[in-house]
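There are 2 protein chains.
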Amino acid sequence: MSLIVHKYGGTSMGSTERIKNVARRVAKWHKAGKQMVVVPSAMSGETNRLIGLAREIQAEPDPRELDMLCCTGEQASVALLSMALKALGVDAVSYCGWQVPVRTDASHNKARIESIDDTHVRKALDSGKVVIITGFQGINANGDLTTLGRGGSDTSAVAIAAAMNAAECLIYTDVDGIYTTDPRVVPEARRMRVVSFEEMLEMASMGSKVLQIRSVEFAGKYRVPTRVLSSLTDPDMPLGQEAKSGTLITFEEDEHMEQAVVSGIAFNRDEAKVMVRGVPDKPGIAYQILGDVAAANIDVDMIIQNQGVDGTTDFTFTVHRNEYNKTMELLSNQVKGAVQAREVAGDTNVCKISIVGIGMRSHVGIASLMFKTLSEEGINIQMISTSEIKVSVLIDDKYMELAVRSLHRAFELEKEQH
Amino acid sequence: MSLIVHKYGGTSMGSTERIKNVARRVAKWHKAGKQMVVVPSAMSGETNRLIGLAREIQAEPDPRELDMLCCTGEQASVALLSMALKALGVDAVSYCGWQVPVRTDASHNKARIESIDDTHVRKALDSGKVVIITGFQGINANGDLTTLGRGGSDTSAVAIAAAMNAAECLIYTDVDGIYTTDPRVVPEARRMRVVSFEEMLEMASMGSKVLQIRSVEFAGKYRVPTRVLSSLTDPDMPLGQEAKSGTLITFEEDEHMEQAVVSGIAFNRDEAKVMVRGVPDKPGIAYQILGDVAAANIDVDMIIQNQGVDGTTDFTFTVHRNEYNKTMELLSNQVKGAVQAREVAGDTNVCKISIVGIGMRSHVGIASLMFKTLSEEGINIQMISTSEIKVSVLIDDKYMELAVRSLHRAFELEKEQH
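Chains as they are written, first to last, in our numbering: chain E, 58 to 475; chain P, 58 to 475.
Here you go:
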């Protein structure tokens, strides 16, 4: 009997009525002869409510105690979903992560799963039960509760699917799949039937906020077929139809893969650009600048250093917009003098646009079509960075919609590709 | 260093402000050099909210899943209290019952504690931490979460105090101690400084709803000095004063014991009287009547069977008022015919009044003073039942206040006794 893992987000679990709908959907799969493991998130708003309580008590809540607190959200969810299944006459049992156990490393609030023992779960499945497991959480070697960070239930679901060799992991969410770009920006954006895990990784990290990035890494590492699909459809829709809906994240470049060179366009308005100009062009300067930034716990995304002229060079990088002020202060007060820079400057009115596609690997001219398209629209490119399957540019953010629409058209993403 | 256990009820934990007050109080004891274990309830209203969600999903929530759900209430409390202590600079650590572990039998929703392993807790205490443990819950041999039933946090606190040989278990609540009777009925009611555990047991089971009855049994069995005191006082009041406030439940009839023959008056308006009249006066009739009642899960309190006349007898008992209709139906439709009774009748306008006192054991005439007092007020006694340290009567409930006030005066309970 094949094993299927379902994951439901907080919105899908947002009320007792919605929990009953989730139960109807799970019951349908169970009755079709599948062994079912279900990983629900906390009811929508619950984790924020708990964090709010914690902050009223301690401005920077103690990480261990915050995990102890936040774990209650998913625990309530699994119990309620188990009851909802029983109310439908389907036998079910709920487990907390520590009961499975899902073992993690020691780091609170952003723990990583180390191992999953499926003995109990397997036994319950073999006795015909639906097994419901708390997402987002585990237990460390010290016996303390840990959480995987926001959105961690995706990772839990994929990790459980990997550990148990599930046939497929279905992530039910409030969108009906992964699109070529954000449909709110480009109305012609098209849902992809299939996307490669590498592409998904690039899309997710760019702000296509459908899946937690670590869940995609996990899916890739353990080759778990993972499908993103809607939890808003009729729970009683035919299973065959539901099983093919959404977007499948796959790991094999076979006949099922779309043959497009570019699969999607991601964009991110959360970045800010920072420039350290006229620094001596000598070894160690990048480390000297970024070392201080990293020490201040500021994440850096794009980094560019131009070839120096006259013995000096310009060093440019991007940070999250929320950390722009902190970064500028650090650079002005501390770094500028240390590296003898001429000037520190920055800009928050920027936007990163990326074209992503596994087909790029074997196609030339993708980047140049991107640059040509932007140039024809009169959009200046401020920074460029590339990976094997992605080209990202930083532009003035007032051109964001124009750039995404032009690129979507230029790469013909509105057309179904085979 | 002596170990003290504090227990705080849901009202005391009812908001983040109140949790901060609890932390201030605990910090005061900790700074005075006590090893501190704290057992908080769920925030007030939380357990009811969770049960409400469960019932929206399943009319009769699955007992195991209900425990899984309800355990989250206390888990959130311990985490928040631990944060509040850390915010005051006091090192603290929270544990769920299963982490201690507090082992219980298998019965969900009303589990009984079987053992408590204090290794982890002792270690944390010895490293100078305040240890905060979820009340109300434990883990069974199967690894499932269990709960001890409503009010179970009292029992958890006393059980932990017993297992760890604590110097005293302090139950902080929204009243300032145990009174000779309900002050809302008798304004002269006096707070007892000390009460014996046996008296407390009789008072608690009569509806003096200050402590869960099982916690008192536990305190008695393991001889845990237990104090009931107010959580509404200034958290910064001098420790010496606080340590002597409230009412101490004690186990030694020594010089500390009050010498009164009657310590308090309890009353209960939740009972209803049921009569099965004119049944054949032969062996087995009581079993035949009560067997059916017990089989229907109806709890019976007072039971009286009079000496028979003319070969028949009357059988009278009391049940909880909520179960009166169910009982009357059962008796009329099933029992009446089976035992060939002449008549089944009942009355819900009754009230049970009890005088309780460990001194009764060695004093005669207590019951007769009670009957005389009631008779002088023209109050008819419908039923009488006695134990070693208690005399209970059932009367028309319109006389409840009059009876309690007269008895309180007759036994001079308003006077401090030595």
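By construction, the Cβ of each residue, glycine as well, lies at the ideal position given by its N, Cα and C atoms.
Spatial distance of Pro295 of chain P from Ile76 of chain P (CA atoms): 19 Å
Contact residues within the segment 62 to 78 of chain E, judged by C-beta distance below 7 Å to chain P: Sequence-ordered contacts of the segment 62 to 78 of chain E with chain P read Thr73, Ile76, Lys77 [C-beta pairs closer than 7 Å].
Beta bridge counterpart(s) of Gly66 of chain E as assigned by DSSP: Among the bridge pairs identified by DSSP, Gly66 of chain E is matched with none.
Local conformation of Gly71 of chain E per DSSP, three classes: If DSSP states are grouped into helix, strand and coil, Gly71 of chain E belongs with coil.
Opening and closing residue of the alpha helix (DSSP H) in which Gly422 of chain E lies: Unbroken run through Gly422 of chain E: none, as it is neither H nor E.
Chain P residues whose Cβ lies nearer than 8 Å to that of Pro478 of chain E: As shown, chain E starts at 58 and ends at 475. That puts residue 478 of chain E outside it, with no answer to give.
Proximity test, Cβ basis, 8 Å: Leu205 of chain E and chain P: no
Secondary structure, alpha helix (DSSP H): runs of 4+ residues fully inside the segment 376 to 456 of chain E: 381 to 387, 423 to 433
C-beta neighbour in chain P for Leu476 of chain E, strict 8 Å: Nothing can be reported for residue 476 of chain E: it is not among the residues displayed for chain E, which extend from 58 to 475.
Extent of the continuous alpha helix (DSSP H) to which Asp358 of chain P belongs: Asp358 of chain P -> not in any alpha helix (DSSP H); beta strand (DSSP E) instead, spanning 357 to 362.
Run of the alpha helix (DSSP H) containing Leu296 of chain P, from where it starts to where it stops: 296 to 300
Cut-off 6 Å between Cβ atoms - residues of its own chain near Thr68 of chain E, not counting five sequence neighbours on either side: Ser101, Asp231
For Pro120 of chain P, three-class secondary structure by DSSP: helix
Rounded C-alpha distance that separates Gly303 of chain E from Ala89 of chain E: 20 Å
Beta-carbon proximity check, Ala16 of chain P vs Asn197 of chain P, cutoff 8 Å: Not covered by the structure: residue 16 of chain P. The range shown for chain P is 58 to 475.
Rounded straight-line distance, which links the Cα of Ala246 of chain E to that of Met257 of chain E: 16 Å
Short CB-CB distance (under 8 Å) between Ala84 of chain E and chain A: This model lacks chain A altogether, as its protein chains are E and P.
Beta-bridge pairing of Phe374 of chain E - partner residues as DSSP gives them: Answer is E:Val331, E:Ile360, bridged to Phe374 of chain E.
Spatial distance of Glu471 of chain E from Met417 of chain E (CA atoms): 18 Å
Rounded straight-line distance, which links the Cα of Leu289 of chain E to that of Ala395 of chain E: Each residue's alpha carbon lies about 56 Å from the other.
Any chain P beta carbon closer than 8 Å to Met125 of chain E: yes
Nonlocal neighbours in the same chain, by C-beta distance under 6 Å from Gly277 of chain E, ignoring five residues either side: Phe254
Same chain only: Cβ atoms within 7 Å of Val461 of chain E, ignoring 5 sequence neighbours per side: Answer for Val461 of chain E: Thr238, Val242, Val243, Ile322, Phe324, Ile410, listed in chain order.
Rounded separation between Gln439 of chain P and Ser98 of chain P - CA only: 40 Å
Cβ of Ser151 of chain E within 8 Å of any chain P Cβ: yes
Straight-line Cα distance separating Asn406 of chain P from Gly368 of chain P: 30 Å
Alpha helix (DSSP H) runs contained entirely in the segment 114 to 197 of chain E, provided each spans 4 or more residues: 120 to 144, 176 to 183, all fully within the segment 114 to 197 of chain E.
Reference Ala168 of chain P; option with closest CA among P:Pro120, P:Ala149, P:Ala141: P:Pro120
Cβ-based contacts, 8 Å cut-off: residues of the segment 90 to 115 of chain E near chain P: Within the segment 90 to 115 of chain E, the residues whose Cβ lies closer than 8 Å to some Cβ of chain P are Leu107, Leu110, Ala111, Glu113, Ile114, Gln115, listed in chain order.
Segment contact, 8 Å Cβ cut-off, at least three pairs: the segment 149 to 159 of chain P with the segment 179 to 193 of chain P: Touching, per the Cβ criterion.
8 Å Cβ cutoff, Glu434 of chain P in contact with chain E: no
Distance between beta carbons of Leu138 of chain E and Ala80 of chain E, contact taken as under 8 Å: 6 Å
Cβ neighbours of His313 of chain E in the same chain (closer than 6 Å, five flanking residues each side left out): Confidence is the limiting factor: at His313 of chain E the pLDDT is only 49, short of 50, which leaves the residue's position unreliable and the question unanswerable from this model.
Residues from the segment 173 to 200 of chain E in contact with chain P, defined by Cβ distance under 7 Å: Gly200
Backbone CA spacing between Lys383 of chain E and Gly206 of chain P [nearest angstrom]: 52 Å
Whole-angstrom distance between Glu225 of chain P and Gly414 of chain P, CA atom to CA atom: When rounded, the separation of the alpha-carbon atoms in Gly414 of chain P and Glu225 of chain P is 23 Å.
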